[in-house]
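Notes to accompany the following structure.
2 protein chains.
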Amino acid sequence: MALIVQKYGGTSVGTVERIEAVAEKIIATQKLGNQVVVVVSAMSGETNRLIGLAEEVQGTKTPTGRELDVLVSTGEQVTIALLSMALQKRDCDAVSCTGGQLNIRTDNKFNKARIQDIDGEHLKKLLNDGNVVVVAGFQGVDSEGNITTLGRGGSDTTAVALAAAAKADECQIYTDVDGVYTTDPRVEPNARRLSRITFEEMLEMASLGSKVLQIRAVEFAGKYDVPLRVLSSFEEGPGTLITYEDDSMEDPLISGIAFNRDEAQLTIKDVPDQPGVAAHILGPISAENIEVDMIVQNIGRKDTADFTFTVHRNDYDKALKILENTTIILGGGRIGGNPNIVKLSLVGVGMRSHAGIASRMFKALADEKINILMISTSEIKISVVIEEKYLELGVRTLHEAFELDQATEVKTKQQVQ
Amino acid sequence: MALIVQKYGGTSVGTVERIEAVAEKIIATQKLGNQVVVVVSAMSGETNRLIGLAEEVQGTKTPTGRELDVLVSTGEQVTIALLSMALQKRDCDAVSCTGGQLNIRTDNKFNKARIQDIDGEHLKKLLNDGNVVVVAGFQGVDSEGNITTLGRGGSDTTAVALAAAAKADECQIYTDVDGVYTTDPRVEPNARRLSRITFEEMLEMASLGSKVLQIRAVEFAGKYDVPLRVLSSFEEGPGTLITYEDDSMEDPLISGIAFNRDEAQLTIKDVPDQPGVAAHILGPISAENIEVDMIVQNIGRKDTADFTFTVHRNDYDKALKILENTTIILGGGRIGGNPNIVKLSLVGVGMRSHAGIASRMFKALADEKINILMISTSEIKISVVIEEKYLELGVRTLHEAFELDQATEVKTKQQVQ
């Protein structure tokens, strides 16, 4: 008997009708001889409604604190109760569990807690009593019994953590897309669903803006070797399986193209080139909790350096102000910036062993007269920053240049069977 | 330093504005030098919304079971979070507690659990740390950690139980009326607010349909000698204090007139008069969880008995069917019934020592040609069943006959001071 963990997001449980449909899916999975653990999010709109109340009471656009977690955790609690009722109505034994009831132990960082431990024994007992166990995602308790939440979207992490704790055979993330694509189909209509992708590639795809899965959930799944599958709640299909690299696979060169519209670029030129200059520049930025993405440093004109980095577009103005202060402290430097840039990334474990990917990428962009503003590379990805207006053209150009629409179809079919 | 438990119902916390107003009231109480525990209900409408979802999923008008409690308990959890935020915004240290977090231990009767134990020590610790403690009413946990609810309106009980556990000096129930009245002012405009009433009288008033307080809360308060005060959330005023009978009080004869519109009468005539006949009739009724209120048995025609009782009007049809079966088993009896009756009760500890109250009551009704269908009496009340159409006339008649509009004003003022 296999143990399957299924996770259904807010859209999948957004109405009573959809909750009933999810109940049918769960029962079908159980009838195939599986034990089933289900993790659910709040009904779509509910978390925003609750946060809206908190905003009103706290008088701020970014409510925080212990009580926020007490508040928003009710969203998932409503869903577990309703889904359990829907299962019971269909003569399926089901029991709901809040994060606290399953002792999903987290640290005490309210609003963005991290899971530390899960009582897998209690979960196993409920399963062995014949229940479908319906768990509230996104929430836990700290060591003092305070309710914590994992931050928005954290239900994926709950599902993977439960799968790891219970040694599940597969963790299935049901969402409103039917898998991971070579790139965003809204930008490139020829984008193709991948039947498999590695954890590493998925991490790059997720962090680069393919928002199918929460990045922390993928990290977790990779760390504990939990096979992860992304499927659609609304359509039948095998989805995309995320696993460790399989030696028998003939890896395609490139798995996909990720992009991120929300970036902004900041440059500080001609700063005195001395040890610690990078820390002097980035220290005050991170002290203000601004996350920095790409970082490039070049030698500038004699004894000075040029330093460029990207931040989330929302942080652009704030970062610019901080840099102005930094130039005063450093005694020099000219500041520049561009909030209208995007990052485009080619991702694939296959590129490790293949030379020439980068030059092929740069040439394809150059042929379309797309100027590259920054470059950064890793083992399995190459990212470039380009002007925002070239985003769609850039994606389509690379998709075609690397023939991503032409699937390694034979291999895919074998894998699915 | 006194310890005050305050309870605010759903209307009092029905909007963010009202929650803010409640926060102000709490802080005012604290500034008088009191420690404050606050018990809150769900925001008005919220419990009905949640039950509506359960009805939809369970496909029934009366949802039940473990998961219903998981669902509806979120209503109070939302309120404790928002009220705690509102207090914190005003620089008042506050901490919210669910029933589970305060270990409000109940039995395992879902949807209508009873409180068995409260962890008063944890509550005391939170108070001594300088917090206003904001507690979710109406909920607890059983010995296995399952969420339970006390049944609708049970927040009053939570407040009294907490007051008893923490040995509070007073338990204040804030509601949308400013106290307990001699009768319903919508029926008798001359109805008068009582400054004091005894637990016993309050029990009779509450169980007879004066729905200011939950009856179980009054029982609890009486049992643990918790001074209970009913006040308005929206108007200033001393409300009504509910305490043990004070020997120095010169009791008024009658405190008030309660009535209950929701009754129905069932009669079974000419049943063989043998030992155990009452049990034969009522056994099957209570087996179906139908609550019986008044019971009267008369001798009928030779060797037979006439048996009459009242039930909630919703149970009338069901009870009638059961009785039909009972006559078959008993081998005789004619069934009659009337769903259009009401119960009217005169309540007052003073009637114990005063003869003639009953006859004065019956004469007043007879003068208005109101026919009495059933009578039942106790130490401190006299109840009559009359046709529904006479309800308003009956209440006004008795209110006037016992001069309830003419308060024992001098005494009342002394008590308030």
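In order, the protein sequences belong to chains Z and H. Per our numbering, residue 1 is the first one in the first sequence, and the count goes up by one each step. Per our numbering, residue 1 is the first one in the second sequence, and the count goes up by one each step. Don't be surprised by glycine CBs; every beta carbon is placed ideally from N, CA and C.
In this structure, DSSP gives His312/H an extended state, which the three-state scheme calls strand. Residue state for Lys109/H is assigned as coil, using DSSP reduced to three classes. The stretch 261 to 280 of chain Z makes contact with the stretch 297 to 305 of chain Z, as at least three CB pairs between them are under 8 Å. With a threshold of 8 Å between beta carbons, Ala42/H makes no contact with chain Z.
Around the C-beta of His399/Z, 16 or more other C-beta atoms lie within 10 Å, and the residue is accordingly described as buried. If you check each beta-carbon in the stretch 383 to 407 of chain Z against every beta-carbon of chain H, none falls closer than 8 Å.
Within 10 angstroms of the beta-carbon of Lys125/Z lie fewer than 16 other beta-carbons, which makes it exposed.
For the pair Gly145/H and Gly239/H, the Cα-to-Cα distance works out to about 38 Å. Looking at Gly256/Z, Asn298/Z and Ile215/Z, the one whose alpha-carbon comes closest to that of Gln406/Z is Gly256/Z. Here Ala287/H is exposed: its Cβ has fewer than 16 other Cβ atoms, across all protein chains shown, within 10 Å. Any Cβ of chain H closer than 8 Å to the Cβ of Val132/Z would place that residue at the interface, and such an atom is absent.
Minimum Cα-Cα distance from Thr98/H among the listed residues Asn340/H, Ser155/H and Lys112/H corresponds to Ser155/H. At least one CB of chain Z lies nearer than 8 Å to the CB of Ile80/H. Among the residues facing chain Z, Leu126/H is not included, as its CB has no counterpart in that chain under 8 Å away. Take Tyr316/Z, set aside five residues on each side of it, and the residues of its chain with a beta-carbon closer than 8 Å to its own are Ala264, Leu266, Gly337 and Pro339, in chain order. In the three-state scheme derived from DSSP, where H, G and I count as helix and E and B as strand, Asn190/Z is classed as coil. Here the alpha carbon of Cys171/Z sits roughly 14 Å from the alpha carbon of Arg196/Z.
A straight line joining the alpha-carbon of Thr148/H with that of Thr64/H spans about 12 Å.
Cβ proximity to chain Z below 8 Å picks out nothing from the stretch 25 to 39 of chain H.
Nothing from the stretch 298 to 323 of chain Z brings a Cβ to less than 9 Å from some Cβ of chain H.
Chain-order list of chain Z residues neighbouring Leu150/H: empty, with the shortest C-beta distance near 17 Å, by a criterion of under 8 Å.
For Ala258/Z, the uninterrupted beta strand (DSSP E) segment begins and ends at Gly256 to Asn260. Ile290/Z and Glu201/Z have their alpha carbons spaced roughly 25 Å apart. Between Val347/Z and Glu235/Z a beta carbon distance of about 25 Å is seen, past the 8 Å cut, so the two are scored as non-contacting. Thr79/Z and Ala42/Z do touch by the CB rule: their CB atoms are close to 6 Å apart, below 8 Å.
Around the beta-carbon of Gly332/Z, fewer than 16 other beta-carbon atoms lie within 10 Å, marking it exposed. For Ile19/Z, the nearest beta carbon of chain H is closer than 8 Å to its own beta carbon.
Rounded to the nearest whole angstrom, the CA to CA distance from Val385/Z to Val292/Z is 14 Å.
Each of Arg186/Z, Val95/Z and Gly179/Z was checked against the Cα of Leu194/Z, and the nearest Cα belongs to Gly179/Z. None of the residues of the stretch 111 to 122 of chain H has a beta carbon lying less than 9 Å from any beta carbon of chain Z.
Counting C-beta atoms within 10 angstroms of its own C-beta, Gln116/H has fewer than 16 neighbours from the protein chains shown and is therefore classed as exposed.
Out of Leu82/H, Ala258/H, Pro189/H and Ile215/H, the CA that lies nearest to the CA of Val39/H is found in Leu82/H.
Scanning chain Z for C-beta atoms nearer than 8 Å to the C-beta of Val16/H yields Leu53, Glu56 and Val57, reported in chain order. Taking the CA atoms as reference points, Glu379/H sits about 22 Å from Gly394/H.
Taking C-beta atoms as the reference points, Phe259/Z and Leu391/Z count as a pair closer than 8 Å. By the criterion of a C-beta distance shorter than 8 Å, Asn325/Z is surrounded in its chain by Pro284, once the five residues flanking it on both sides are discounted.
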